[in-house]
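In my numbering, the protein residues as written are 15 to 367.
Note that CB positions come from ideal geometry on N, CA and C, so glycine has one too.
Predicted model only: the values in this text are computed from it and were never measured.
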């Protein structure tokens, strides 16, 4: 019997070394190299660890505070479950490491604390009956939506509308122009998916109370231009900061250079070019996916409403360059203004839709 020679403390990322023990779970004899005598048999010592503590922060993401702000949890330990937060007009879905729900869904029974601080975001789903049953101004919102969706360019927003409208559902209404929407400063919910919105005007930044927004699946058609085998188009999509949203992808032979998309070796029979776009925008307290498709119709006939100017520029290829014609449409100010009204439905849309 005698004292064992002490050894260097081991290391384990995310943990603090507590000492040695004769049992793996720490329920045996704690070994002290200064006092523990070696028995008359072999002994296996197990390193004992304590997880480093980290902050688990709860972000209610637009809800009402009914949960603690944070917990302190050691690595690999489980957090204590908390009561669900509430939000008027929404159902609570769960907690997630990303504010839009695209991260890791947190399960208090199965998710262990990683070796880092974590912020959890409350994820919400708009209740099916929230618009009709929660908001007393639903009929007002419908009246505003119907008026502007029908293309009434003379429609004005009264003080009553501005003060009382907190929700506006304009999905699938053929909406093009949003410049006047910034007057509805008390909006909490704005539904704009399935429209034709090419530009998010800076006025939308006035919607500081907004906490729910949809902007996905826009379907935009540009004026028809003449066909050419090589074609360059600068993205016409702009977010609320005035920044151009670049093309994401397309079909056929194409390349993307910053905010431009270039098609080349186009089939002589092609009548439509298109590209998709996607951008994450934050307005007020709402985060939305601004996405959709930009369509460029082509024709083999000259148009009386537009002038095509052919510019020669080079298109990089392996070992050589080929030339590309860029078609540029010049529209008169009058024709442009006639196609845009306050949240106006396009003229070729069925007004009974």
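Rounding to the nearest angstrom, what Cα-Cα distance links residue i and residue j in this structure?
i	j	result
residue 146	residue 182	Its pLDDT being 37, under 50, residue 146 is placed unreliably by the model, and nothing is read from it.
residue 273	residue 246	11 angstroms
residue 41	residue 107	40 angstroms
residue 307	residue 253	15 angstroms
residue 294	residue 255	12 angstroms
residue 115	residue 302	12 angstroms
residue 266	residue 128	44 angstroms
residue 74	residue 102	13 angstroms
residue 21	residue 54	21 angstroms
residue 199	residue 257	23 angstroms
residue 191	residue 82	42 angstroms
residue 209	residue 97	38 angstroms
residue 78	residue 72	12 angstroms
residue 368	residue 117	Because the chain is modelled from 15 through 367, residue 368 falls outside the range shown and cannot be assessed.
residue 38	residue 49	21 angstroms
residue 93	residue 59	30 angstroms
residue 309	residue 231	13 angstroms
residue 296	residue 279	39 angstroms
residue 236	residue 284	16 angstroms
Kindly list the residues whose CB is nearer than 7 angstroms to the CB of residue i, restricted to its own chain and excluding five residues on each side of it in sequence; keep chain order.
i	result
residue 57	36
residue 298	221, 222, 223, 224, 225
residue 213	252
residue 24	31, 61
residue 261	249, 270, 275, 289, 291
residue 233	210, 306, 307
residue 268	275, 276, 277
Residues in the same chain with beta-carbon distance under 6 angstroms from residue i, minus the five sequence neighbours each way, listed in chain order, please.
i	result
residue 131	68, 69
residue 109	120, 134
residue 8	Outside the modelled stretch of the chain, which goes from 15 to 367, sits residue 8, for which no answer is possible.
residue 193	215, 217
residue 226	203, 300
residue 43	36
residue 241	312, 314
residue 263	290
residue 186	208
Measure from the alpha carbon of residue i to the alpha carbon of each residue in the options, then state which is nearest.
i	options	result
residue 189	203, 229, 278	229
residue 137	102, 112, 97	112
residue 85	77, 95, 177, 99	95
residue 177	187, 196, 185	196
residue 91	213, 255, 124, 42	124
residue 51	212, 263, 19	19
residue 282	268, 314, 292	314
residue 104	213, 76, 47	76
residue 46	38, 34, 39	34
residue 100	93, 187, 59, 139	139
residue 26	71, 72, 89	89
residue 259	309, 278, 304, 93	304
residue 219	233, 232, 235, 201	201
residue 243	277, 234, 236	277
Which one or two residues does DSSP pair with residue i in a beta bridge?
i	result
residue 181	203
residue 275	247, 270
residue 304	293
residue 371	With the chain covering only 15 through 367, there is no way to say anything about residue 371.
residue 239	312
residue 213	252
residue 41	DSSP lists no partner for residue 41.
residue 233	307
residue 78	100
residue 84	71
residue 133	71
Within its chain, find whatever has a CB closer than 8 angstroms to the CB of residue i; leave out the 5 residues flanking it on each side and keep chain order.
i	result
residue 16	51, 52
- request: Taking 8 angstroms as the threshold, find out whether the stretch 55-69 comes into contact with the stretch 30-38 through three or more Cβ pairs.
  value: The answer is yes - the stretch 30-38 touches the stretch 55-69, with three or more Cβ pairs under 8 angstroms.
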